[in-house]
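Here the structure is laid out as structure tokens; the discussion comes afterwards.
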Amino acid sequence: MIRAEVNQTLLPSRWRVSPRWLQTLLNVAARILRLRSAGSLSLAFVDHRAMRRLNRSYRGKDRVTDLLSFGGRKDQKFLGELLIAWPYARRQAKARGKTWEEELALLIAHGLLHLRGYDHETKKESRVMFSLQDKILKQFFYARS
């Protein structure tokens with residue numbers, strides 16, 4: 000099981016994450032990723048300015064991105080931290096014809112996969128990572144229907 004500490008202070012109340020919704024998503028992901036022991040992660044929503052600054056500092060890219068993930072130490076149960084630029088993600092959802100829930104689930108699943116060491120730098124890595132991401136999302140939305 001994965002526990003999450005969530006900071007939603009910058010997020011308008013109508014877009015806030017329900018603890019039950021998030022826990023269901025994390026439970027599905029833990030099952031698919033075969034996470035046997037309990038772990039935790041931190042999830043925070045930030046604005047454009049903060050995300051651009053962080054992306055520039057940590058990745059050398061002077062632009063806003065939807066998601067940044069920072070892995071925890073391997074010897075600890077803390078998986079790491081996910082940061083989501085909520086205004087950017089909201090616009091991205093609209094442009095893709097997705098709901099906020101769908102976009103948010105995708106970003107959290109994607110970020111969790113990065114925290115577990117998956118990446119999409121090569122075609123092979125992309126196939127593996129996006130296959131797991133799709134599986135998590137399909138099972139999550141099926142479990143909720």
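All residue numbers for the sequence shown refer to numbering that gives the first Met the number 0, where the first residue is 0 and numbers rise by one.
We treat Cβ as the ideally placed atom computed from N, Cα and C, and that holds for glycine.
For V45, the uninterrupted beta strand (DSSP E) run begins and ends at G38 to V45, by DSSP. By the Cβ rule, the segment 47-64 does not count as touching the segment 19-36, because fewer than three pairs are nearer than 8 Å. Measuring C-alpha to C-alpha distances from R72 to each of R19, S17 and L114 identifies L114 as the nearest. The DSSP-derived three-state label of S125 is helix. Counting only the Cα atoms, A92 lies some 20 Å from A49.
Counting only the Cα atoms, L82 lies some 11 Å from Q7.
Inter-residue distance for S41 and R51 is about 19 Å (C-alpha atoms, whole angstroms). DSSP, read as helix, strand or coil, puts V5 in strand. Here the alpha carbons of I135 and V127 stand approximately 13 Å from one another. Of the candidates P18, R13 and P11, the residue whose Cα lies closest to the Cα of R2 is P18. One alpha carbon belongs to V45, the other to K122, and they sit about 30 Å apart. In the three-state reduction of the DSSP assignment, E80 falls in the strand class.
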